[in-house]
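S.K.: Chains as they are written, first to last, in the working numbering: chain A, 1 to 485; chain B, 1 to 511. The beta-carbon is built from N, C-alpha and C at its ideal position, and this holds for glycine as well.
#1: Is there a C-beta anywhere in chain B that falls below 9 Å from the one on residue 43 of chain A?
#2: Whose Cβ in chain B lies nearer than 8 Å to the Cβ of residue 404 of chain A?
#3: State the CB to CB distance for the pair residue 315 of chain B and residue 429 of chain B, rounded to an integer number of angstroms; the pair is presumed to be in contact (CB under 8 Å).
#4: Since residue 121 of chain A contacts residue 320 of chain A with CB under 8 Å, what's their CB separation in whole angstroms?
#5: What separation, rounded to the nearest whole angstrom, lies between the Cα atoms of residue 559 of chain B and residue 132 of chain B?
#6: Quick check: is the beta carbon of residue 359 of chain A nearer than 9 Å to any beta carbon in chain B?
#7: Can you tell me where the alpha helix (DSSP H) with residue 82 of chain B in it begins and where it stops?
#8: Give the residues from the stretch 406-436 of chain A that approach chain B closer than 7 Å (Cβ to any Cβ), ordered along the chain.
#9: Thinking C-beta only, is residue 437 of chain B closer than 9 Å to residue 358 of chain B?
#10: With respect to 8 Å, is the separation between the Cβ of residue 94 of chain B and the closest non-hydrogen atom of the ligand NAD below this value?
#11: Which residues in the same chain have their Cβ closer than 6 Å to the Cβ of residue 298 of chain A, if we skip the five residues on either side of it in sequence?
#12: Would you say residue 321 of chain A faces chain B, with C-beta separation under 9 Å as the test?
#13: Straight-line CA distance for residue 254 of chain B to residue 125 of chain B?
#14: Taking the straight line between their C-alpha atoms, what separation do you get for residue 153 of chain A and residue 251 of chain B?
#15: Please report how far the alpha carbon of residue 288 of chain A lies from the alpha carbon of residue 158 of chain A, in whole angstroms.
#16: Looking at chain B, is there any beta carbon in it that lies within less than 9 Å of the beta carbon of residue 389 of chain A?
#17: Quick one: Cα of residue 407 of chain B to Cα of residue 137 of chain B, how far?
#18: So is residue 58 of chain B buried or exposed if we call it buried at 16+ other beta carbons inside 10 Å?
#19: Does the stretch 123-141 of chain A come into contact with the stretch 73-88 of chain A, if we say contact requires no fewer than three beta-carbon pairs (one atom in each stretch) closer than 8 Å?
#20: Locate the alpha helix (DSSP H) running through residue 74 of chain B, then write down its first and last residues.
#21: So with CB distances below 7 Å, who are the chain B contacts of residue 471 of chain A?
#22: Going straight from the alpha carbon of residue 103 of chain A to that of residue 357 of chain A, what length do you get?
#23: Anything in chain A within Cβ reach of residue 146 of chain B, meaning under 7 Å, just list it in chain order.
#24: Starting from residue 60 of chain A, follow its DSSP beta bridges and name the residues at the other end.
#25: Residues in the stretch 115-149 of chain B with C-beta within 9 Å of chain A's C-beta atoms, listed in sequence order?
#26: How many angstroms separate the CA atom of residue 491 of chain B from the CA atom of residue 96 of chain B?
#27: Could you tell me the alpha carbon to alpha carbon distance between residue 129 of chain B and residue 43 of chain B, rounded to whole angstroms?
#28: Determine, using beta carbons only, whether residue 35 of chain B and residue 18 of chain B come nearer to each other than 9 Å.
#29: Can you check whether the CB of residue 302 of chain B is closer than 9 Å to the CB of residue 323 of chain B?
#30: Can you confirm whether residue 397 of chain A, when its beta carbon is compared against all beta carbons of chain B, has any partner nearer than 9 Å?
#31: With a threshold of 9 Å between beta carbons, is residue 169 of chain B in contact with chain A?
#32: Check each candidate in A/173, A/96, A/14, A/42 and name the one with the smallest Cα separation from residue 147 of chain A.
#33: Give every residue of the same chain whose Cβ lies closer than 8 Å to the Cβ of residue 359 of chain A, excluding the five residues on either side of it in the sequence, and list them in chain order.
#34: Chain A partners of residue 158 of chain B, CB-CB under 7 Å?
#35: Going by DSSP, which residues form a beta bridge with residue 183 of chain A?
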């Protein structure tokens with residue numbers, strides 16, 4: 001490895017160094033303010049290092065990691081999302097448990113895992129990143145609140161995620177047995193020589209699809225999602241729902257492109273089926289929820305279903321660039337929106353010490369006593385529903401365009417029906433927020449700090465800007481994807 | 001003239017209305033009134049004396065545009081911020097702003113919860129509707145189409161009556177689902193055009209004359225047709241309307257009936273028919289059947305209502321059936337009738353909803369069985385009600401008569417039997433309108449009831465609407481002239497199609 005290699009890994013190195021520093025700081029002198037400052041500085045430095053790391057990209061750094069614009073862009077996104085999560089959870093942590101310093105350490109570690117996934121070009125680094133991210137998440141889920149619900153969620157996530165990783169690992173082993181390599185592009189060359197009906201390959205792909213389907217919570221591997229989302233502390237849920245999903249999706253896209261997995265029509269059909277199931281089941285089940293976190297959990301299942309469309313469309317070489325671009329835009333929009341939605345729940349629950357304000361009626365009249373925070377939720381919900389002027393609409397438009405270009409009518413039907421069902425449960429939250437409150441209703445205490453308000457404003461602005469002036473991001477994605485394809 | 005300023009005034013006015021609540025609880029309505037007034041004055045001064053704009057277009061659209069604006073927006077997909085105004089758009093935008101004034105006036109003393117936000121939502125709805133009438137980029141059009149729903153949803157959901165959650169939700173889901181189908185159609189159309197032209201464009205002028213294969217054209221046309229007919233509302237898709245109207249606050253009902261329904265008709269006239277002339281031509285008999293069914297069905301159901309607002313809502317279904325008939329009858333006279341109906345119905349129904357709102361504000365009920373003898377209590381109100389009831393049933397000399405007469409006249413040349421059926425709707429209208437007068441205003445008055453008559457503000461509002469209807473009824477020519485160029489270019493498109501069809505038929509025969 002030479003200096004250029006190190007330079008292109010700067011975001012990863014910064015995060016790793018920051019995590020070490022945090023660990024030392026916590027061991028020697030516990031000070032929550034210092035910890036927060038260090039964590040934010042680390043995330044900020046990692047984000048800024050992208051500009052410098054880009055100079056030596058694109059290149060392979062060992063066969064494990066591929067440092068290109070895509071990896072750098074998503075590393076930046078993950079760091080920013082983590083920073084937003086950290087800022088939003090400060091007040092939340094103050095009222096819960098003692099010594100919340102490790103929370104920030106775990107957050108940085110989990111972000112590091114996500115960034116490794118964005119770089120991964122090898123099954124070993126994929127697994128490494130995935131486990132680093134997930135293991136930190138188990139701890140994050142159980143850490144802030146020492147009550148029953150988060151513990152249950154953490155155990156559930158640990159056991160199921162462990163099982164899915166094991167399944168996936170077995171799939172990797174079988175894949176290695178047939179192709180003799182774990183590196184994405186080499187695997188593609190080996191696979192090209194193999195008969196597509198190879199039975200070992202089939203078993204391997206089933207196991208890997210199941211494993212990754214679990215991580216992305218696609219139907220029918222979605223059972224854990226509502227329970228874990230519900231039990232986990234709101235800021236962690238936001239991180240889990242946005243960054244953890246996006247990271248897995250990015251590596252999946254890279255794997256599909258590098259190994260040209262698009263060739264396997266059975267695999268593509270399988271993905272299409274998962275997409276349709278997820279869109280419909282996710283939206284239908286969300287209708288029944290009165291707990292907003294559970295509702296958002298099912299909605300995230302549906303959104304992952306929408307996102308799968310782009311893998312199906314990508315199977316046609318002519319439409320692949322548009323499809324991948326659409327997927328990447330969707331990820332950015334979805335991350336911003338999800339952080340915003342869970343950010344509101346975090347802020348609402350900051351005043352409590354045991355429970356969280358996450359039932360529909362907890363939001364009653366929010367519009368009238370907390371207009372700024374209600375606007376945050378309003379914008380997030382409209383974006384999730386795909387109403388114009390928000391990021392979600394442009395993302396949905398992108399998806400529609402790419403699916404239309406490939407004439408995938410069945411998937412489009414699923415998308416249209418799913419989105420229409422979705423309107424109901426998103427609007428219901430808005431309806432609760434605009435209710436007139438009676439005096440006896442208890443109004444949740446929210447933090448009055450300037451910081452929380454600032455983050456809310458930034459989130460609202462970014463969702464609206466992505467929805468009204470999407471051209472710069474579109475151009476940027478187009479330019480970086482040209483190099484990847 | 002920059003027509004974007006018009007939308008800007010209304011959007012910014014909304015924010016101003018929210019802020020103005022600090023100056024006093026009555027301030028927002030004055031602000032709102034002033035903003036709409038300014039917008040109206042701005043529009044009229046800008047329009048008079050403006051030279052017609054030339055738009056480079058290969059398609060057969062006349063160059064009768066009063067104003068035009070195009071700014072690059074999302075070049076990645078060839079989307080631009082493209083607004084244009086011709087006589088038809090001008091007519092509808094003026095109607096929009098006028099009814100905006102009436103909506104503000106009709107809810108003058110009704111709202112006492114968050115006045116500022118209420119007025120802001122009215123202004124934003126107006127901005128959205130104005131955008132719909134002006135947008136010439138299909139992406140932009142869709143954006144306005146969806147965005148105008150949100151303030152309307154909030155109007156119903158926050159200030160609505162007892163069953164507002166259900167009504168607001170139903171309204172939104174119906175329009176949203178059909179809207180998504182339209183978005184899909186727009187994308188398919190733009191994609192097909194981009195395959196032919198080599199570059200993306202969502203501009204109306206670029207997409208006009210795009211040839212699709214006939215099967216695809218039918219489905220794409222259906223996507224547009226559904227979105228517009230749901231909004232119109234056409235016969236089987238009307239069920240959201242009675243609920244939304246009944247539950248909305250008075251201003252909401254006025255805006256819904258007066259202008260939101262017109263966006264559906266406008267969409268058919270501007271987009272669905274010109275973009276897909278052949279498919280629309282084939283589809284016309286079905287559309288006309290739906291229109292006639294709506295006329296009859298609306299009239300019958302209106303007669304069966306005891307709820308004042310529901311009755312007016314169903315009468316809207318009946319009247320908008322005439323618009324559908326007129327548009328798809330596809331000749332100049334019937335189309336003129338359809339445009340006339342859009343304006344006349346907007347005014348007369350807005351007046352009836354204002355009436356319903358006034359009664360509900362005073363009696364706290366919409367049930368006509370609990371009314372009776374209101375004329376005795378409030379003679380001014382009774383006289384106004386009678387005027388708009390007979391306008392609604394199509395009394396000669398008022399705007400609605402001209403509209404319905406023209407539609408039936410034009411339609412008779414094409415489909416005599418459907419005309420015969422639709423004409424029954426006019427009789428139905430007489431029955432339910434007079435029935436409403438009888439139940440609510442005639443009969444034995446309740447002596448113990450305290451019932452205030454219309455005050456000068458309400459009388460002034462009513463007078464404005466009466467004058468417009470009489471003017472439309474006695475001298476409709478200016479309105480017809482204004483919309484004529486848009487209708488002419490539509491006719492041109494059709495005649496072109498007819499020639500093509502005739503030519504292919506001759507070719508086939510000769511083979």
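M.R.: If we stick to the structure as given:
#1: Within the first chain, numbered from 1, the residue matching residue 43 of chain A stands at position 43. False, the Cβ-Cβ gap to chain B never drops below 9 Å.
#2: Here residue 404 of chain A refers to the residue found at position 404 of the first chain. Residues of chain B passing the Cβ test: 184, 187, 188, 191.
#3: Indexing the second chain from 1 puts residue 315 of chain B at position 315. Indexing the second chain from 1 puts residue 429 of chain B at position 429. Going by Cβ atoms, the distance from residue 315 of chain B to residue 429 of chain B rounds to 7 Å, so yes, they are a contact pair.
#4: Residue 121 of chain A sits at position 121 when you count from the first residue of the first chain. Residue 320 of chain A sits at position 320 when you count from the first residue of the first chain. The pair is not a contact, with the Cβ atoms about 18 Å apart (cut-off 8 Å).
#5: With chain B covering only 1 through 511, there is no way to say anything about residue 559 of chain B.
#6: Here residue 359 of chain A refers to the residue found at position 359 when the first chain is read from its first residue. No, its Cβ sits nowhere closer than 9 Å to a Cβ of chain B.
#7: In the second chain, residue 82 of chain B corresponds to position 82, counting from 1. Unbroken run through residue 82 of chain B is the beta strand (DSSP E), 79-85; no alpha helix (DSSP H).
#8: 412, 416, 419, 420, 423, 424, 427, 431, 434, 436
#9: Position 358 of the second chain holds residue 358 of chain B. Position 437 of the second chain holds residue 437 of chain B. Against a cut-off of 9 Å, the Cβ pair of residue 437 of chain B and residue 358 of chain B comes out as no contact.
#10: Within the structure as shown, the ligand NAD is missing, as the structure has no ligands at all.
#11: Your numbering for residue 298 of chain A matches position 298 in the first chain. So the qualifying residues of the chain are 282, 285, 286.
#12: Mapped onto the first chain, residue 321 of chain A falls at position 321. So, not an interface residue.
#13: Here residue 254 of chain B is taken as the residue at index 254 of the second chain, counted from 1. Here residue 125 of chain B is taken as the residue at index 125 of the second chain, counted from 1. So the two alpha carbons sit approximately 12 Å from each other.
#14: Numbered from its first residue, the first chain carries residue 153 of chain A at position 153. Numbered from its first residue, the second chain carries residue 251 of chain B at position 251. Near 49 Å, if we compare the C-alpha coordinates of residue 251 of chain B and residue 153 of chain A.
#15: Residue numbering aside, residue 288 of chain A sits at position 288 when the first chain is read from its first letter. Residue numbering aside, residue 158 of chain A sits at position 158 when the first chain is read from its first letter. Cα-Cα distance, rounded: 27 Å.
#16: Here residue 389 of chain A refers to the residue found at position 389 when the first chain is read from its first residue. Taking Cβ atoms only, chain B reaches closer than 9 Å to residue 389 of chain A, which makes this a yes.
#17: Counted from its first residue, the second chain places residue 407 of chain B at position 407. Counted from its first residue, the second chain places residue 137 of chain B at position 137. So the two alpha carbons sit approximately 30 Å from each other.
#18: Your numbering for residue 58 of chain B matches position 58 in the second chain. Low confidence applies here, because residue 58 of chain B scores a pLDDT of 44, under 50, leaving its location unreliable; read the following figure in that light. The residue is exposed, with fewer than 16 neighbouring Cβ atoms inside 10 Å.
#19: no
#20: Taking the first residue of the second chain as position 1, residue 74 of chain B is located at position 74. Segment 67-74 is the beta strand (DSSP E) holding residue 74 of chain B; no alpha helix (DSSP H) there.
#21: Against the first chain, residue 471 of chain A aligns to sequence position 471. Those within 7 Å of residue 471 of chain A in chain B are 74, 75, 76.
#22: For the purposes of this step, residue 103 of chain A is identified with residue 103 of the first chain, where counting begins at 1. For the purposes of this step, residue 357 of chain A is identified with residue 357 of the first chain, where counting begins at 1. Looking at the two C-alpha atoms, the distance is approximately 21 Å.
#23: As a first step, residue 146 of chain B must be located in the second chain, where it is residue number 146. Going along chain A in sequence order, the residues near residue 146 of chain B (Cβ under 7 Å) are 387, 388.
#24: Along the first chain, read from residue 1 onward, the residue named residue 60 of chain A stands at position 60. DSSP, once it has assigned bridges, lists A/66 as partnering residue 60 of chain A.
#25: 117, 139, 142, 143, 144, 145, 146, 147, 149
#26: Position 491 of the second chain holds residue 491 of chain B. Position 96 of the second chain holds residue 96 of chain B. Between residue 491 of chain B and residue 96 of chain B, the C-alpha separation is close to 26 Å.
#27: Here residue 129 of chain B corresponds to residue number 129 of the second chain, with the count starting at 1. Here residue 43 of chain B corresponds to residue number 43 of the second chain, with the count starting at 1. If you take the alpha carbons of residue 129 of chain B and residue 43 of chain B, they lie about 15 Å apart.
#28: Residue numbering aside, residue 35 of chain B sits at position 35 when the second chain is read from its first letter. Residue numbering aside, residue 18 of chain B sits at position 18 when the second chain is read from its first letter. Their beta carbons are not under 9 Å apart, which means residue 35 of chain B does not touch residue 18 of chain B by this criterion.
#29: Here residue 323 of chain B corresponds to residue number 323 of the second chain, with the count starting at 1. Here residue 302 of chain B corresponds to residue number 302 of the second chain, with the count starting at 1. Contact flag unset, no.
#30: Start at 1 with the first residue of the first chain, and residue 397 of chain A comes out as number 397. Yes, residue 397 of chain A lies at the interface with chain B (some Cβ there is under 9 Å from its Cβ).
#31: The residue you call residue 169 of chain B lines up with position 169 of the second chain. Chain A, which has a Cβ nearer than 9 Å to the Cβ of residue 169 of chain B, makes this yes.
#32: In the first chain, residue 147 of chain A corresponds to position 147, counting from 1. When each option's Cα is compared against that of residue 147 of chain A, the closest is A/96.
#33: Position 359 of the first chain, counting from 1, holds the residue named residue 359 of chain A. Hits under 8 Å: 290, 291, 292.
#34: By 1-based counting over the second chain, the position of residue 158 of chain B is 158. Those within 7 Å of residue 158 of chain B in chain A are 434.
#35: Position 183 of the first chain, counting from 1, holds the residue named residue 183 of chain A. Note: residue 183 of chain A sits in a beta bridge opposite A/122.
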